[in-house]
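In the working numbering, the protein residues as written are 212 to 543.
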């Protein structure tokens with residue numbers, strides 16, 4: 212094909228000009244396969260997005276480490292700057308993001324076979340909304356499109372081709388090295404965040420959840436042990452004794468035999484307690500001190516209308532055979 216014929220073809224069919232330019236240079240045009248575009252997309256956008264999300268979550272979950280919060284914010288800002296530079300400025304200069312260089316691909320204008328201008332590169336990124344809105348169909352369009360174009364590529368007249376010239380191969384090798392370095396930095400940062408989270412924050416979170424669990428167990432145990440009705444008093448007392456230990460178990464047994472059970476049977480007294488609030492004051496692996504705020508009602512034959520009750524108690528808990536039991540209950 213002569214130079215005049217090539218120029219005429221580019222004027223008559225601009226979408227073919229990149230292919231003609233490549234053939235004129237003695238190499239065939241190969242549109243980048245969809246799988247390689249997915250790899251490039253993962254490097255350029257998915258990996259930074261995942262890392263940014265991890266940094267944001269890390270920032271929210273570690274309120275005590277100020278320097279880590281500053282590092283997380285700075286890391287997110289750097290990632291945003293990287294994505295903007297990589298997908299606009301680098302694409303305008305070299306025709307390839309780091310991801311595309313890593314996969315040996317290049318973005319070209321279909322009508323000039325040159326890298327897109329900065330304006331066109333920005334418009335191409337904005338046009339990806341056309342790929343996303345119709346259920347992501349535009350991202351998959353290269354699977355069956357003859358030019359392997361997404362909707363964004365068609366909107367701004369760009370194509371993605373496999374690099375072939377020596378200069379393009381040089382950029383490909385440079386991009387491969389830069390992409391590998393980027394991935395290494397991302398993996399190292401993610402590893403640092405994960406290590407700090409699991410070594411510093413997760414144990415603290417576990418201790419906090421354990422403390423809250425002990426407080427709830429202690430308060431619920433106290434409320435259950437103090438509740439009874441005339442019809443179920445024997446069962447209620449037996450259940451209460453199973454939750455007590457030590458001197459308080461002996462005290463409760465005597466109190467139940469002399470006061471609680473006779474009052475329930477002879478005077479129809481019923482008492483029901485619920486937990487209003489609870490907090491752990493101190494703890495060891497086998498002991499704990501819990502402050503509990505209880506609210507209840509009582510009624511009987513002499514006073515059939517329920518009477519509201521409130522009580523604040525200090526519970527001394529002891530762990531025996533894996534179960535937390537009340538060793539003492541002190542009204543406050």
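Cβ coordinates follow ideal geometry from the N, Cα and C atoms, glycine included.
Rounded to the nearest angstrom, what separates residue 519 and residue 483 at their Cα positions? For residue 519 and residue 483, the distance between alpha carbons rounds to 10 Å.
Shortest alpha-carbon distance to residue 496 belongs to which of 358, 532, 364, 309? 532
Kindly indicate the opening and closing residues of the beta strand (DSSP E) around residue 535. 534 to 542
At least three beta-carbon pairs within less than 8 Å, the segment 508 to 516 to the segment 534 to 542: As far as the Cβ criterion goes, the segment 508 to 516 does not touch the segment 534 to 542, which means the pair count is below three.
For residue 528, the residue or residues it bridges with in DSSP: 499, 537
Residues of its chain near residue 328, where Cβ-Cβ distance is below 7 Å and the 5 sequence neighbours each way are ignored: Closer than 7 Å at Cβ, skipping near neighbours: 303.
Which residue comes first and which comes last in the alpha helix (DSSP H) that contains residue 469? No alpha helix (DSSP H) holds residue 469; DSSP gives it neither H nor E.
Could you check what DSSP says for residue 346 in three-state terms: helix, strand or coil? coil
Which first and last residues belong to the alpha helix (DSSP H) in which residue 484 is found? No alpha helix (DSSP H) contains residue 484, which is instead part of the beta strand (DSSP E) from 481 to 494.
8 Å Cβ shell around residue 489 - same chain, five flanking residues per side excluded: 426, 427, 429, 430, 501, 502, 503, 504
Assuming residue 321 and residue 368 form a contact by the criterion Cβ under 8 Å, report the distance between their Cβ atoms to the nearest whole angstrom. 5 Å
Proximity to residue 475 [Cα-Cα], best of 314, 457, 439, 459: 439
Pick helix, strand or coil for residue 507, following the three-state DSSP scheme. Strand, per DSSP.
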